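Structure first, commentary second.
Number of protein chains: 2
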Amino acid sequence: MSTKNRAVLHETFVHLIRRFIAGSILYNQQVADQVGLRLTDMQCMNVLEMLGRATPGQLAKSTGLTTGGVTVMLDRLEKAAYIRRVPNPKDRRSVLIEIRPEKMKSVQGFYEEINKNLDAFLAETPETDLRTVVRFFTRMNTLRTGGA
Amino acid sequence: MSTKNRAVLHETFVHLIRRFIAGSILYNQQVADQVGLRLTDMQCMNVLEMLGRATPGQLAKSTGLTTGGVTVMLDRLEKAAYIRRVPNPKDRRSVLIEIRPEKMKSVQGFYEEINKNLDAFLAETPETDLRTVVRFFTRMNTLRTGGA
DNA sequence: TCTAAGTATCTTATAAAATAAGATACTTAG
DNA sequence: CTAAGTATCTTATTTTATAAGATACTTAGA
Numbered sequence: 001m002s003t004k005n006r007a008v009l010h011e012t013f014v015h016l017i018r019r020f021i022a023g024s025i026l027y028n029q030q031v032a033d034q035v036g037l038r039l040t041d042m043q044c045m046n047v048l049e050m051l052g053r054a055t056p057g058q059l060a061k062s063t064g065l066t067t068g069g070v071t072v073m074l075d076r077l078e079k080a081a082y083i084r085r086v087p088n089p090k091d092r093r094s095v096l097i098e099i100r101p102e103k104m105k106s107v108q109g110f111y112e113e114i115n116k117n118l119d120a121f122l123a124e125t126p127e128t129d130l131r132t133v134v135r136f137f138t139r140m141n142t143l144r145t146g147g148a
Numbered sequence: 149m150s151t152k153n154r155a156v157l158h159e160t161f162v163h164l165i166r167r168f169i170a171g172s173i174l175y176n177q178q179v180a181d182q183v184g185l186r187l188t189d190m191q192c193m194n195v196l197e198m199l200g201r202a203t204p205g206q207l208a209k210s211t212g213l214t215t216g217g218v219t220v221m222l223d224r225l226e227k228a229a230y231i232r233r234v235p236n237p238k239d240r241r242s243v244l245i246e247i248r249p250e251k252m253k254s255v256q257g258f259y260e261e262i263n264k265n266l267d268a269f270l271a272e273t274p275e276t277d278l279r280t281v282v283r284f285f286t287r288m289n290t291l292r293t294g295g296a
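Protein chains in written order, with my numbering: chain P, 1 to 148; chain B, 149 to 296.
Written out as structure tokens, the structure reads:
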């Protein structure tokens with residue numbers, strides 16, 4: 001096990017990361033089911049939480065929906081009080097979408113168990129390892145488009 | 149940057165991983181669009197590729213669909229020659245789903261660019277780092293359900 | 001063995017969501 | 001000032017997912 005050669009190590013990593021991605025998609029799907037949203041809506045909420053605010057156009061790009069599809073999704077989320085549309089001061093054709101703070105908390109609540117597990121795991125991870133992983137993932141996040 | 153304290157490091161990691169997950173969902177969505185499938189179908193294909201074979205029931209669990217939904221999805225994928233249903237020798241109520249090998253390759257082709265980037269990145273990652281990351285992700289993959 | 005409960009998949013009617021094509025309103029370059 | 005470009009929205013249609021229940025098989029227990 002500690003004498004794994006490079007090719008096997010590489011293969012092991014690819015397998016682990018694919019498993020991680022498949023698991024993440026499933027987990028987000030399950031959280032969405034509990035919350036009463038679709039995975040697409042969940043992705044939208046997650047992106048909004050990371051960006052703070054976004055235009056419908058940005059959300060179309062980060063969900064893979066058409067702009068028409070985004071409008072319908074936003075109507076749905078607005079009606080259910082998850083988000084709010086505010087005028088975009090930079091462009092009068094456009095709007096900015098923001099999460100309604102009370103829903104932000106409520107949605108986060110559904111990730112509570114996994115976050116607790118993650119916190120516990122990180123707490124017992126040696127700092128040097130965590131630093132290595134952070135460095136590694138900083139690069140991983142640039143692989144997809146050359147830097148989105 | 150090298151004097152980051154523990155809390156900040158922790159927070160940085162959580163941010164990176166959330167970004168990675170959101171990016172992965174988007175990327176899989178985009179590949180699905182190119183292939184002409186839905187994200188759900190893509191998730192099904194990915195799970196099948198990892199497991200080799202699976203029953204519709206297992207696929208229901210790993211996609212978040214109802215069993216009826218899985219049947220419809222499998223009809224769709226079977227009609228488009230992505231998968232095939234074979235009898236389950238262990239249980240006559242059940243079937244086993246397998247990817248048709250020619251489609252396996254074709255779908256993998258759409259991941260080619262990212263795989264190339266990933267290979268190049270891994271090649272220049274020090275072996276000790278890669279070992280740390282593998283160890284780390286082996287644990288990460290157990291956090292979700294306590295071990296799926 | 002026989003039966004009842006449980007499990008695995010499938011069927012179908014209905015509800016929900018995504019797309020495509022195009023409209024409206026605004027912005028920007030020339 | 002005008003034309004081209006951009007951002008969002010509208011709506012009809014297609015596609016997908018759900019829910020409720022049917023069918024066929026398995027398994028545990030009398």
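C-beta atoms are modelled at their ideal positions from N, C-alpha and C, and glycine is treated no differently.
Keep in mind the model is a prediction, meaning the values are calculated, not measured.
Look at residue 112 of chain P here: in three-state DSSP terms it is helix. The beta carbon of residue 83 of chain P lies closer than 6 Å to those of 77, 97, 99 in the same chain, with the five residues before and after it left out. In the DSSP assignment, residue 56 of chain P forms no beta bridge with any residue. According to DSSP, residue pairing for residue 232 of chain B in a beta bridge involves B:246. For residue 64 of chain P, the three-state secondary structure derived from DSSP is coil.
For residue 91 of chain P, there are no C-beta contacts with chain B under 9 Å, since the nearest C-beta of that chain is about 24 Å from it.
DSSP, reduced to helix, strand and coil, places residue 238 of chain B outside both helices and strands of the structure shown, so it counts as coil. When the beta-carbon positions are compared, residue 291 of chain B and residue 117 of chain P come within less than 8 Å of each other. The segment 167-175 of chain B makes contact with the segment 17-27 of chain P, as at least three CB pairs between them are under 8 Å. Counted as a single uninterrupted DSSP element, the alpha helix (DSSP H) harbouring residue 187 of chain B occupies residues 187-199.
DSSP, reduced to helix, strand and coil, places residue 227 of chain B within a helical segment of the structure shown. Secondary structure note for residue 23 of chain P: its alpha helix (DSSP H) is the uninterrupted segment 6-35. Put simply, the CB of residue 254 of chain B is far from chain P, with every gap to its CB atoms at 8 Å or more. For residue 236 of chain B, no Cβ of chain P is located within less than 8 Å of the residue's own Cβ. Relative to the Cα of residue 179 of chain B, the nearest Cα in the group B:201, B:288, B:241, B:258 belongs to B:258. Residue 71 of chain P and residue 251 of chain B have their C-alpha atoms spaced approximately 34 Å apart. When only Cα atoms are considered, residue 205 of chain B and residue 105 of chain P end up about 34 Å apart. For the pair residue 157 of chain B and residue 127 of chain P, the CB atoms are nearer than the 8 Å cut-off. Interface criterion not met: the Cβ of residue 36 of chain P is under 8 Å from no Cβ in chain B. Between the alpha carbons of residue 135 of chain P and residue 74 of chain P lies a gap of roughly 36 Å. For residue 206 of chain B, not one C-beta of chain P is nearer than 8 Å to its own C-beta. Within chain B, the residues placing a beta-carbon under 9 Å from that of residue 47 of chain P are 170, 174, ordered along the chain. In this structure, residue 48 of chain P and residue 161 of chain B do not form a Cβ contact; the two beta carbons are roughly 21 Å apart against a cut-off of 8 Å. Taking the CA atoms as reference points, residue 155 of chain B sits about 11 Å from residue 119 of chain P.
A distance of 8 Å or more separates the beta carbons of residue 37 of chain P and residue 29 of chain P. Straight-line spacing of the CA atoms in residue 235 of chain B and residue 199 of chain B works out to 17 Å.
For residue 283 of chain B, the three-state secondary structure derived from DSSP is helix. If you draw a straight line from the Cα of residue 124 of chain P to the Cα of residue 214 of chain B, it is about 38 Å long. DSSP, reduced to helix, strand and coil, places residue 289 of chain B outside both helices and strands of the structure shown, so it counts as coil.
By the C-beta density criterion, residue 191 of chain B is buried, having at least 16 other C-beta atoms within 10 angstroms. 8 Å or more divides the Cβ of residue 68 of chain P from the Cβ of residue 181 of chain B.
Chain-ordered, the chain P residues with CB closer than 7 Å to the CB of residue 270 of chain B read 10, 13.
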